[in-house]
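Heads up, the sequence shown is in my numbering, so the first residue is 3 and it goes up one at a time.
Every residue, glycine too, gets a C-beta built ideally from N, C-alpha and C.
Here the structure comes first, spelled out in structure tokens, and everything after it is commentary.
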Amino acid sequence: MNGVIQAVQETERALTSNTASLPFDLVDLRTRSAMNCCGFINHNQGSALFSILEGGVYEITFNANITSATAGNVALALFADGTQVAGTEMDTTIATAGDWENIGFDKKIRVCCKGTVNLSINSLPTTTFSGTGTPVVTDTQIPIVKNSNINVERLSWWTI
């Protein structure tokens, strides 16, 4: 293992909007190479932002239980420097307000050797369904999240 940070948000947290970032209240695992002062990543407890400071290949895993105070669609995704990362959108339909669904993803990303990237989990304002040939865009509800877990692991020190 080349370094890892794991943060959790155990208690229920209603996001402030359907475009808000999810903050993580507790860092429950951090290797020495992931320390804020001199490591590959910067994250402060209570923040939604994970700043990768060194180039390399990273694996990001996320899972959570999600619901809404109103029935409808809810969606989250990984964002890098404010742009949604392909292959990380997680959406579900809440049939009855307060019903919990489990969502998650596993994604590898590359950070250029002289680059940095700021990661966050954000709510998405809409979802799109194109299965009928005509795209149907649906507004999402404000998510309520609990038992969330994000893990950022450095797989290599170099870029490929």
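Other residues of its chain near residue i: CB distance less than 7 Å, five sequence neighbours each side excluded
{"i": "residue 27", "result": "11, 47, 48"}
{"i": "residue 73", "result": "96, 97, 98, 99"}
{"i": "residue 90", "result": "79, 80, 107, 109"}
Cβ neighbour criterion (16 or more within 10 Å) applied to residue i
{"i": "residue 1", "result": "Absent from the model: residue 1. The displayed extent of the chain is 3 to 162, so no value can be given."}
{"i": "residue 133", "result": "exposed"}
{"i": "residue 36", "result": "buried"}
{"i": "residue 104", "result": "exposed"}
{"i": "residue 137", "result": "exposed"}
{"i": "residue 155", "result": "buried"}
{"i": "residue 57", "result": "buried"}
{"i": "residue 131", "result": "exposed"}
Close-in-space but distant-in-sequence residues of the same chain around residue i (CB under 6 Å, 5 per side omitted)
{"i": "residue 77", "result": "93, 126, 129, 142"}
{"i": "residue 61", "result": "110, 155, 157"}
Residue i: first and last residue of the uninterrupted beta strand (DSSP E) it sits in
{"i": "residue 157", "result": "145-158"}
{"i": "residue 28", "result": "28-32"}
{"i": "residue 87", "result": "Taken as a continuous stretch (DSSP letters only), residue 87 belongs to no beta strand (DSSP E), as it is neither H nor E."}
{"i": "residue 92", "result": "92-96"}
{"i": "residue 141", "result": "138-141"}
{"i": "residue 72", "result": "Where residue 72 is concerned, there is no enclosing beta strand (DSSP E), given that its DSSP letter is neither H nor E."}
{"i": "residue 124", "result": "119-125"}
{"i": "residue 52", "result": "52-54"}
{"i": "residue 36", "result": "Note, residue 36: premise wrong, no beta strand (DSSP E); not H, not E."}
{"i": "residue 42", "result": "Element bounds for residue 42: n/a, residue is neither H nor E."}
{"i": "residue 129", "result": "128-131"}
Per DSSP, cross-strand counterpart(s) of residue i
{"i": "residue 106", "result": "65"}
{"i": "residue 9", "result": "29, 152"}
{"i": "residue 16", "result": "146"}
Inter-residue CB distance, residue i and residue j (contact presumed, cutoff 8 Å)
{"i": "residue 23", "j": "residue 145", "result": "So it is not a contact: roughly 11 Å between Cβ atoms."}
{"i": "residue 42", "j": "residue 55", "result": "6 Å"}
{"i": "residue 75", "j": "residue 140", "result": "5 Å"}
{"i": "residue 50", "j": "residue 122", "result": "5 Å"}
{"i": "residue 44", "j": "residue 148", "result": "Their Cβ separation, rounded to whole angstroms, is 25 Å, which puts residue 44 and residue 148 out of contact at 8 Å."}
Close Cβ partners of residue i (< 8 Å) along its chain, the five nearest in sequence each way excluded
{"i": "residue 6", "result": "31, 32, 33, 36, 153, 154, 155, 156"}
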